[in-house]
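Take a look at the structure below.
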Amino acid sequence: MAREKLLVSMVLAVLLIAGTGSISVDGKNEEEEADRITSLPGQPKVSFQQFSGYVTVNEVAGRALFYWLTEAVDDPLSKPLVVWLNGGPGCSSVAYGASEEIGPFRINKTASGLYLNKFSWNKLANVLFLETPAGVGFSYSNRSSDLLDTGDHRTAEDSLKFLIRWMDRFPRYKNRDVYLSGESYAGHYVPQLANAIVNYNAKSKNPIRIKGFMVGNAVTDNYYDNLGTVTYWWSHAMISDRTYKQLVNICDFRRQKESDECESLYYYAMDKEFGNIDQYNIYAPPCNKSDGSKTTRHHMRLPHQPRPVFNHFSGYDPCIERYAEAYYNRPDVQKALHANTTGIPYKWTACSETLNRNWNDTDNSMLPIYRSLIAAGLRIWVFSGDVDSVVPVTATRYALEQLKLNTVIPWYPWYVKKQVSDLASTLVLFNY
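According to my numbering, the sequence shown is numbered sequentially starting from 531.
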């Protein structure tokens, strides 16, 4: 609950500085109406509007990205647009952002229905969940090679094209203030998309009104992220002194693919020294339902390589990802969402291992992009919860220290109900 309250409080801070801008007439077109969600299976009654569907971003390849818009509960025409992206790379914003973190609904344990999330961000903003790139969740490409050769560059390019075409479908958002947000490997997606928007705006007569972005526990720079990760493990007694020293001495930390000796050290740390923990919330109970998935998920979570990092916040129920996979594979749910309309030849999953294993450009540091966007005048928030051992607070601190920025507001504790939050007390919040 402390983490959820933290996220809501942070988005409120974003919205307090967001102008309403000029508002277009709330007219509806046929494409928009075709995307309207009347109700999802097992959904409680709500007052806000929802839309979901596909936007084609590349006609030649047949690439189309899936979105889910949950408009603000009150006065949506006066509220900004927040675009949420999840990380991985290869993980779904429907699975995590919408269903586990900031969306209006949670999925019950039997996947038979939904219940309300009282900390939903659409109480304060219009929230657009985007599954990107093609191959994530319901998003698809008719060119199978796209799933074997993708990366940051194409993701930013396709996401920009999505936003341009989506706003043509929803013209009332064209003059709305826009904020981007996400977590984990979205630490790459978000600043790169922001940069693509800034470059697009410099040439366009119809600019996107981007005002800033916010990322949490964000993958930023290989060397500082990886050094910060093993330091976190050691400082939180997750690994031995001996293993820590070996990792620091043997691993390069800058490379996407480490040496075999370094790889074996990571596996040893996770298999022999971590124990049965949830790496994304080290103090929460892990999901112990026996379905054979533990080894596979463990294998995909090598923190020194941003490529296999599948990050999400576990919250109170560490098994919620499984409820999502059961719910979103239901034909009636897909029909209500206008999803899987072309008969995708694989089931919906929270993360795509195929995309994750074939990502081709994770080595790029985001620090030069941060410098450029700060100079361009964007507002940037970077926060880090202190129980994530995959992209931990130490990694965030090490990376952002390289920007050499002045401290404007000194460190202060974060209180929830007059108690210093165990999750927020080590919050790293930068507002440039």
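Every residue, glycine too, gets a C-beta built ideally from N, C-alpha and C. Being a predicted model, the structure only gives us computed values, none of them experimental.
Got a sec, what are the start and stop residues for the beta strand (DSSP E) residue 580 sits in?
As a first step, residue 580 must be located in the sequence shown, where it is residue number 50. Unbroken beta strand (DSSP E) run through residue 580: 580–588.
Do you know how far the Cα of residue 626 is from the Cα of residue 870?
Residue numbering aside, residue 870 sits at position 340 when the sequence shown is read from its first letter. Residue numbering aside, residue 626 sits at position 96 when the sequence shown is read from its first letter. Taking the straight line joining both Cα atoms gives about 19 Å.
Which ranges does the alpha helix (DSSP H) cover as unbroken runs of at least 4 residues, wholly within the stretch 842–879, from first to last along the chain?
Restricted to the stretch 842–879, the alpha helix (DSSP H) segments that are unbroken, complete and at least 4 residues in length are 850–858 and 861–866, listed in chain order.
Considering only their Cβ atoms, is the gap separating residue 724 from residue 617 smaller than 8 Å?
Here the question's residue 617 lines up with position 87 in the sequence shown. Here the question's residue 724 lines up with position 194 in the sequence shown. No; because the gap between Cβ atoms is not below 8 Å, this pair is not in contact.
Determine the extent of the beta strand (DSSP E) in which residue 712 is found, giving its start and end residues.
Numbered from its first residue, the sequence shown carries residue 712 at position 182. Counting along the chain, the beta strand (DSSP E) containing residue 712 begins and ends at 708–713.
Given a cut-off of 8 Å, decide if residue 628 and residue 853 are closer than it, judged by their beta-carbon atoms.
Mapped onto the sequence shown, residue 853 falls at position 323. Mapped onto the sequence shown, residue 628 falls at position 98. Their beta carbons are not under 8 Å apart, which means residue 853 does not touch residue 628 by this criterion.
Tell me which same chain residues have a C-beta within less than 6 Å of the C-beta of residue 703, skipping the five on either side of it?
Looking up residue 703 in the sequence shown gives position 173. Excluding residues within five positions, the ones whose Cβ falls inside 6 Å are 611 and 697.
Take residue 896 and list the residues in its own chain whose beta-carbon comes closer than 7 Å to its own, dropping the five residues that flank it on each side.
Stepping through the sequence shown from its first residue, residue 896 is reached at position 366. Once the five neighbours on either side are set aside, the close Cβ partners of residue 896 are 717, 718, 721, 750 and 751.
Could you please give me the residues that DSSP links to residue 742 through a beta bridge?
For the purposes of this step, residue 742 is identified with residue 212 of the sequence shown, where counting begins at 1. Looking at the DSSP assignment, residue 742 forms a beta bridge with 709 and 909.
Chain-order list of residues whose beta-carbon lies under 6 Å from that of residue 662 (same chain, five-residue window excluded):
As a first step, residue 662 is located in the sequence shown; it is residue number 132 there, counting from the start. Excluding sequence neighbours, residue 662 sits near 595, 685 and 689.
Nearest-angstrom Cβ-Cβ length linking residue 878 and residue 858, presumed shorter than 8 Å
The count along the sequence shown starts at 1 and reaches residue 878 at position 348. The count along the sequence shown starts at 1 and reaches residue 858 at position 328. About 5 Å separates the two Cβ atoms, so the contact holds.
Mind reading off the beta-carbon distance from residue 755 to residue 880? Whole number of angstroms is fine, and I expect it under 8 Å.
The residue you call residue 755 lines up with position 225 of the sequence shown. The residue you call residue 880 lines up with position 350 of the sequence shown. Not confirmed; about 22 Å, so no contact.
Compare the C-beta of residue 625 with all C-beta atoms of chain C and state if any pair is closer than 8 Å.
In the displayed structure, chain C is absent; only one protein chain is listed.
Whole-angstrom Cβ separation of residue 665 and residue 882, contact assumed at under 8 Å?
By 1-based counting over the sequence shown, the position of residue 665 is 135. By 1-based counting over the sequence shown, the position of residue 882 is 352. Confirmed, about 5 Å.
Over the uninterrupted alpha helix (DSSP H) stretch that includes residue 763, give me the two end residues.
Along the sequence shown, read from residue 1 onward, the residue named residue 763 stands at position 233. Residues 752–765.
What separation, rounded to the nearest whole angstrom, lies between the Cα atoms of residue 635 and residue 648?
The count along the sequence shown starts at 1 and reaches residue 635 at position 105. The count along the sequence shown starts at 1 and reaches residue 648 at position 118. Each residue's alpha carbon lies about 9 Å from the other.
With 16 other CB atoms within 10 Å as the buried threshold, where does residue 655 fall?
As a first step, residue 655 must be located in the sequence shown, where it is residue number 125. That one is buried.
Look up residue 471 in the DSSP assignment and give the residues it is bridged to.
There is simply no residue 471 to check, as the chain begins at 531 and stops at 962 in what is shown.
So what does DSSP say about residue 624, is it helix, strand or coil?
Here residue 624 corresponds to residue number 94 of the sequence shown, with the count starting at 1. Under the three-state reduction of DSSP output, residue 624 falls in the helix class.
Could you name the residues of the same chain whose beta carbon sits closer than 6 Å to that of residue 584, not counting the 5 residues immediately before and after it, in chain order?
To locate residue 584, count along the sequence shown from 1; it is residue 54. Here the set comprises 594 and 596.
At which residues does the alpha helix (DSSP H) containing residue 795 begin and terminate?
For this step, residue 795 is matched to residue 265 along the sequence shown. Under the DSSP assignment, residue 795 falls in the alpha helix (DSSP H) whose first and last residues are 790–798.
Looking only at its own chain, which residues have a Cβ that is under 7 Å from the Cβ of residue 806, when we skip the five neighbours before and after it?
In the sequence shown, the residue the question calls residue 806 occupies position 276. Answer for residue 806: 816, listed in chain order.
Cβ atoms of residue 928 and residue 677: under 8 Å apart, would you say?
Start at 1 with the first residue of the sequence shown, and residue 677 comes out as number 147. Start at 1 with the first residue of the sequence shown, and residue 928 comes out as number 398. Not a contact, by the Cβ cut-off of 8 Å.
Helix, strand or coil: how does DSSP classify residue 662 here?
Here residue 662 is taken as the residue at index 132 of the sequence shown, counted from 1. Three-state DSSP puts residue 662 in coil, outside helix and strand.
Report the residue from 874, 772, 581 and 619 whose alpha carbon sits nearest the alpha carbon of residue 602.
Within the sequence shown, the letter at position 72 stands for residue 602. Answer by Cα proximity: 581.
So, helix, strand or coil for residue 696, using DSSP?
Along the sequence shown, one-based indexing puts residue 696 at 166. Here DSSP, grouped into helix, strand and coil, assigns residue 696 to helix.
Inter-residue CB distance, residue 773 and residue 798 (contact presumed, cutoff 8 Å):
Numbered from 1 along the sequence shown, position 243 holds the residue referred to as residue 773. Numbered from 1 along the sequence shown, position 268 holds the residue referred to as residue 798. Residue 798 and residue 773 do touch by the CB rule: their CB atoms are close to 7 Å apart, below 8 Å.
Do you know how far the Cα of residue 744 is from the Cα of residue 708?
Position 178 of the sequence shown holds residue 708. Position 214 of the sequence shown holds residue 744. Cα to Cα, residue 708 sits roughly 11 Å from residue 744.
Look at the alpha carbon of residue 670 and the alpha carbon of residue 592, and state the distance between them as a whole number of angstroms.
Counting from 1 along the sequence shown, the entry for residue 670 is found at position 140. Counting from 1 along the sequence shown, the entry for residue 592 is found at position 62. Residue 670 and residue 592: Cα-Cα distance of roughly 8 Å.
CA nearest to the CA of residue 884, picked from 667, 639 and 912
Position 354 of the sequence shown, counted from the first residue, corresponds to residue 884. Among 667, 639 and 912, the Cα nearest to that of residue 884 is on 667.
Check this for me: beta carbons of residue 901 and residue 741, under 8 Å apart or not?
Residue 901 sits at position 371 when you count from the first residue of the sequence shown. Residue 741 sits at position 211 when you count from the first residue of the sequence shown. Cβ atoms of residue 901 and residue 741: not closer than 8 Å.
Leaving out five residues before and five after residue 624 in sequence, what residues of the same chain have Cβ atoms less than 8 Å from its Cβ?
Within the sequence shown, residue 624 is the residue found at index 94, counting from 1. Closer than 8 Å at the Cβ level, and outside the excluded window around residue 624, lie 596, 598, 659, 661, 667, 668, 854 and 858.
Can you give the Cα-Cα distance for residue 791 and residue 780, rounded to whole angstroms?
Counting from one through the sequence shown, the residue named residue 791 turns up at place 261. Counting from one through the sequence shown, the residue named residue 780 turns up at place 250. One alpha carbon belongs to residue 791, the other to residue 780, and they sit about 8 Å apart.
With C-beta atoms as the reference, is residue 737 less than 8 Å away from residue 729?
Along the sequence shown, one-based indexing puts residue 737 at 207. Along the sequence shown, one-based indexing puts residue 729 at 199. No, they are not a contact pair.
Classify residue 796 as buried or exposed, calling it buried when 16 or more other Cβ atoms lie within 10 Å of its own Cβ.
For this step, residue 796 is matched to residue 266 along the sequence shown. The residue in question, residue 796, is buried, as its Cβ has 16 or more Cβ neighbours within 10 Å.
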